[in-house]
Amino acid sequence: MVASACVAPPPTPPPTTTTTTSSTTTTTVPSGPSVIATVAVGINPQGVAYGGSRIWVANYSSNTVSKIDPVSNTVTATVPVGSSPYGVAFDGSNIWVTNLNSNTVSKIDPVSNTVTATVPVGSGPVGVAFDGSNIWVTNLNSNTVSKIDPVSNTVTATVAVGS
25 MVASACVAPP PTPPPTTTTT TSSTTTTTVP SGPSVIATVA VGINPQGVAY
75 GGSRIWVANY SSNTVSKIDP VSNTVTATVP VGSSPYGVAF DGSNIWVTNL
125 NSNTVSKIDP VSNTVTATVP VGSGPVGVAF DGSNIWVTNL NSNTVSKIDP
175 VSNTVTATVA VGS
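Sequential numbering from 25 applies to the sequence shown in this note's numbering.
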């Protein structure tokens, strides 16, 4: 079974229809978003992020991340990561992917398409975000948030949240 992800290219002005009469010009812009392409990726795609001029999709049941070229709408690389990849973020240089059942975060080099670091975090990491300096990861099962230094690839703080 192969799942798919919808991909939209970088924002461009929408297509228009122009009608001109002797005294007026009417331009019609289509309303609402539309599917531009459907790209086959791994099984159970979860998180998606744009980074390094590519689209990155975490494939939960394939334990991979798909790299998509948004111009050609094709998968250009498939990167093996930990178990049950879920969230995806871009830090300006690297792709970060949470691995729900491995309790880790994978750091991917978007040029070589390889995992360059695997960082242990709390139990059940799902969400991931970059704040301009650090990587933040929500750990569903341990009710914590991990702060990762993207240079040393280490957890520098763990914050208890919720219950």
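Backbone N, C-alpha and C define an ideal beta-carbon position, used for all residues, glycine too.
Proximity below 8 Å, CB of residue i to CB of residue j
i, j, result
"V129", "V139", "no"
"S107", "N123", "yes"
"P174", "D133", "no"
"V72", "V112", "yes"
"N127", "V145", "yes"
Separation of residue j from residue i, as counted between CA atoms
i, j, result
"V143", "V65", "25 Å"
"S176", "T62", "37 Å"
"S187", "I67", "31 Å"
"T88", "T98", "16 Å"
"P149", "V95", "31 Å"
"I79", "V152", "16 Å"
Burial state of residue i (16 or more Cβ within 10 Å)
i, result
"T168", "buried"
"N118", "buried"
6 Å CB neighbourhood of residue i in its chain, flanking five on each side removed
i, result
"A2", "For the chain, the structure presents residues 25 to 187; residue 2 sits outside this window and is missing."
Cβ neighbours of residue i in the same chain (closer than 8 Å, five flanking residues each side left out)
i, result
"T178", "V143, I172"
- Query: Of all the beta strand (DSSP E) runs that stay within the bounds of the stretch 142-181, which reach a length of 3 or more residues?
  - Reply: You should have 149-154, 159-163, 168-173.
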